[in-house]
Amino acid sequence: MRSFETWQIRYTSTRKGNGGSMSIIKSIAIAFSMYSRIPMPTFQWEDREYRHAISFLPLIGAVVALIVAAAGLLEGLPVFVMTAILALIPLVITGGFHLDGFMDVMDAKSSFSDKEKSLEIMKDPHIGAFAVIGLLKLSLVWLGALYLVVHNWNAGRQDYGIYCYAAAFIAVRALCGLWSILLPKAKPDGMLARETGQADTADIMILLTQYTFAEALWAFIDVISCIGCGVALFAFSTYYWFMCKKRFGGVTGDTAGYFVVVAEVVALVVLAVVGVVVRY
């Protein structure tokens with residue numbers, strides 16, 4: 031898990047406000063500083079601004095989506111090269127932030143330990159064998175599905191595929207923010223609890239609006255992909271909650287990273303299946 035010291039924005043727990051619009055701008059800047067590698071200005075920020083930053087997590091997905099969509103305009107590149115470019119874009123922008131949580135969860139899940147021990151395993155900064163195995167499996171599925179999407183894109187069978195892939199980065203992060211706020215936390219004093227401790231109805235509405243936008247974008251691009259991805263993400267969200275409740279007693283910052291990584295792959299697999307099965 032990335033430490034507070036590595037973030038570019040300096041924290042202070044003061045409660046004085048600087049106005050609504052400035053507070054929103056600061057919350058957005060904090061979100062980009064925490065969840066991406068995009069440079070942000072250094073300034074003092076307040077407790078309430080930090081605790082609303084998760085509402086703007088989908089904006090990082092929007093940046094990824096725009097760059098992915100722009101990369102889709104490149105023509106004449108071999109399928110494998112385009113696949114590699116599209117796979118690298120989110121990693122470069124986020125710095126693999128969510129992969130850290132995914133690997134921690136894979137280690138904890140594979141230990142088959144009780145809740146307390148599983149939470150301790152996720153806190154361990156060392157990488158385990160099961161985390162590496164899980165990452166290899168994930169990478170193979172990710173690259174295989176993305177290769178199919180790019181192949182269908184080049185062949186003219188799925189000329190919307192890359193744009194649907196781009197929209198997934200927004201939808202998944204909006205859902206992650208929602209579940210992080212709404213679901214019980216495994217650790218009341220953990221990082222995720224601090225991030226969402228003062229979240230209110232406004233935060234939920236902001237995230238719902240961003241998710242609705244992503245779904246509308248999907249529907250505009252391709253209705254079948256919209257329905258398929260929506261159903262698949264709902265099914266995975268259900269699994270995610272029951273898994274977190276059973277294995278960890280609730281959600282954590284690491285499980286949120288796990289959700290983002292796996293949900294993106296779930297959406298990508300759906301797009302690949304739609305391109306191969308429905309569009310042939």
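According to our numbering, the sequence shown is numbered sequentially starting from 31. All C-beta atoms in this analysis are idealised placements derived from N, C-alpha and C, irrespective of residue type, glycine included. Only a predicted model underlies this, so the values are computations on that prediction, with no experimental measurement involved.
Below 7 angstroms CB to CB, which residues in the same chain sit around Lys139 once its five sequence neighbours on both sides are set aside? Arg277
Could you give the distance in angstroms between the alpha-carbon of Ile192 and the alpha-carbon of Gly280? Taking the straight line joining both Cα atoms gives about 34 angstroms.
With a Cβ-Cβ cutoff of 8 angstroms, do Phe266 and Val296 count as a contact? yes
Between which two residues does the alpha helix (DSSP H) harbouring Thr72 extend? Thr72 -> no alpha helix (DSSP H), and no H or E assigned at all.
What number of angstroms, rounded off, separates the C-alpha of Val180 from the C-alpha of Thr226? Val180 and Thr226: Cα-Cα distance of roughly 37 angstroms.
Should Tyr269 go down as buried or exposed, given a rule of 16 or more other Cβ atoms within 10 Å for buried? exposed
Kindly give me the distance between the Cβ atoms of Gly131 and Tyr288, rounded to whole angstroms, as I take these residues to be in contact under 8 angstroms. Contact holds; Cβ gap of about 5 angstroms.
Is the separation between the beta-carbon of Arg203 and that of Val135 shorter than 8 angstroms? Not closer than 8 angstroms, so no.
Under a three-way DSSP split, which group does Lys215 fall into? strand
Please classify His82 as buried or exposed, where buried requires at least 16 neighbouring CB atoms within 10 angstroms. buried
Contacting residues, own chain, Cβ-Cβ under 7 angstroms from Tyr65 (five flanking each side not counted): Closer than 7 angstroms at Cβ, skipping near neighbours: Leu87, Ile90, Thr124 and Phe127.
Just to confirm the assignment, what range does the alpha helix (DSSP H) spanning Gly287 have? Run containing Gly287: Gly283 to Val303, per the alpha helix (DSSP H) assignment.
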